[in-house]
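All remarks here apply to the structure that follows.
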Amino acid sequence: MQGSIETTRRHLTEALTVLDALPTPGEPLPVFAAAHLGDPHALDDGRRLAGVVLRALAALHDTDLPASAADRRALWNRAGIADDALSATVLTAGLRPLGTGPVARAVTAYTTAGHATHLSLSQLRDPGDLRLPAMAVHTTENPSVLALALRRLGPACPPLICAAGWPNSAVILLLRHLAAAGAPLRYHGDFDGEGIRITAHVLAATGAAPWRMSTADYLAAHARSPGGPSPGRLTGAPWDPDLAPALGRQGSAVLEEHMADVLLEDLSSFAGSAPAPLSLG
Numbered sequence: 647m648q649g650s651i652e653t654t655r656r657h658l659t660e661a662l663t664v665l666d667a668l669p670t671p672g673e674p675l676p677v678f679a680a681a682h683l684g685d686p687h688a689l690d691d692g693r694r695l696a697g698v699v700l701r702a703l704a705a706l707h708d709t710d711l712p713a714s715a716a717d718r719r720a721l722w723n724r725a726g727i728a729d730d731a732l733s734a735t736v737l738t739a740g741l742r743p744l745g746t747g748p749v750a751r752a753v754t755a756y757t758t759a760g761h762a763t764h765l766s767l768s769q770l771r772d773p774g775d776l777r778l779p780a781m782a783v784h785t786t787e788n789p790s791v792l793a794l795a796l797r798r799l800g801p802a803c804p805p806l807i808c809a810a811g812w813p814n815s816a817v818i819l820l821l822r823h824l825a826a827a828g829a830p831l832r833y834h835g836d837f838d839g840e841g842i843r844i845t846a847h848v849l850a851a852t853g854a855a856p857w858r859m860s861t862a863d864y865l866a867a868h869a870r871s872p873g874g875p876s877p878g879r880l881t882g883a884p885w886d887p888d889l890a891p892a893l894g895r896q897g898s899a900v901l902e903e904h905m906a907d908v909l910l911e912d913l914s915s916f917a918g919s920a921p922a923p924l925s926l927g
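With our numbering applied, the sequence shown corresponds to residues 647 to 927, in that order.
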């Protein structure tokens, strides 16, 4: 029993040490754990201490307890912990860099062919000459919307990024690069409790503006596609205080795929544009 008490006390002390050091400016988890706990594996997935810290982070960020490895990575990301530089990627379409580096040439080739591109965190940390047209960049929560945009618009698809649920470090870094270079950012996600929380996180982390995420947008979409799944646990939408109450009254979510036609019409108005370049390096 004494050993159990001592172990619990030690874990609580270590958890407080970790929480006191967060958020961190993009350190990988093993590096962070080694620096603050003396063991690079102390916060590995499955460790009791990692579970204690993640429960605390979920409470601090007013989000659900992570149910999968992807959820856990997303929660670490929100605390500033960076993903592995090679495995963390961001799905993009329509990027047209004007630089001559290998990343720029590869992205240009895929865009010209009407294909999507995965960019790794490692590539984004050292992008070289990656100048992009100074036009609005749209981000969706779900890859199916990006796929539909490519199917409809092909090589004319405007700059489009997919967060793929809770955005990883590569997504956030690319959006921050674009914002710093002067590109207006717009974000759309699911109309449910988790979608509201993801949207709030992206707006706060990158300076993006909401895209078709107002109460009026939700009610119009709900009228077209009623009877969706439960919206789940609702929290306030900082950009529209009426949105969460409207979801609660209707009692059903509208997933992003049911907004696809509206989103694609918006994207079509940007298709084929080629304003002056901005620099990302």
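Glycine included, every Cβ here is placed at the ideal spot set by N, Cα and C.
These figures come from a predicted structure and were not determined experimentally.
Asked: As assigned by DSSP and simplified to three states, the class of residue 913; Found: helix
Asked: Cβ distance (whole Å) where residue 762 is taken to contact residue 738 below 8 Å; Found: 7 Å
Asked: Backbone CA spacing between residue 731 and residue 677 [nearest angstrom]; Found: 13 Å
Asked: Closer than 6 Å: residue 697 CB and nearest the ligand HEM heavy atom; Found: Judged by which ligands are present, the structure shown has none, so any question about the ligand HEM falls away.
Asked: Rounded distance between the beta-carbons of residue 900 and residue 867, thought under 8 Å; Found: 4 Å
Asked: Whether residue 842 touches residue 883 by CB criterion (7 Å); Found: yes
Asked: For residue 672, the nearest candidate out of 813, 819, 902 (CA to CA); Found: 819
Asked: Boundaries (first-last residue) of the alpha helix (DSSP H) holding residue 699; Found: 694-706
Asked: Sequence-distant residues of its chain with Cβ nearer than 8 Å to residue 663 (five each side left out); Found: 682, 683
Asked: Classification of residue 745 by the beta-carbon crowding that lies within 10 angstroms, buried from 16 upward; Found: buried
Asked: Beta carbon of residue 792 nearer than 7 Å to that of residue 786; Found: yes
Asked: Extent of the continuous alpha helix (DSSP H) run through residue 845; Found: 839-852
Asked: Between the CA atoms of residue 824 and residue 751 - distance to the nearest angstrom; Found: 18 Å
Asked: Reference residue 871, options 736, 880, 897, 816, closest by Cα; Found: 897
Asked: Burial state of residue 834 (16 or more Cβ within 10 Å); Found: buried
Asked: CB of residue 816 within 7 Å of CB of residue 741, strictly; Found: no
Asked: For residue 832, the first and last residue of its enclosing beta strand (DSSP E); Found: 831-834
Asked: Limits of the alpha helix (DSSP H) - the one that residue 1000 falls within; Found: Missing from the structure shown is residue 1000; the chain here goes from 647 to 927 and no further.
Asked: Collapsed DSSP secondary structure at residue 665 in the structure displayed; Found: helix
Asked: Buried/exposed call for residue 755, threshold 16 Cβ in 10 Å; Found: exposed
Asked: Reference residue 669; option with closest CA among 658, 655, 699; Found: 699
Asked: Classification of residue 921 by the beta-carbon crowding that lies within 10 angstroms, buried from 16 upward; Found: In this prediction, residue 921 has a pLDDT of 43, which is less than 50 and means its spatial position is unreliable; what the coordinates show is noted afterwards. Exposed, by the Cβ-count rule.
Asked: C-beta atoms of residue 665 and residue 795 nearer than 7 Å; Found: no
Asked: Among 857, 781, 774, 828, nearest to residue 911 - alpha-carbon criterion; Found: 857
Asked: Between the CA atoms of residue 651 and residue 736 - distance to the nearest angstrom; Found: 44 Å
Asked: Assigned exposure category for residue 847 - 16 Cβ within 10 Å defines buried; Found: buried
Asked: CA-to-CA distance, residue 696 to residue 804, given in whole angstroms; Found: 40 Å
Asked: Per DSSP, the bridge partner or partners of residue 856; Found: 833
Asked: Closest residue to residue 725 among 773, 851, 840 (Cα-Cα distance); Found: 851
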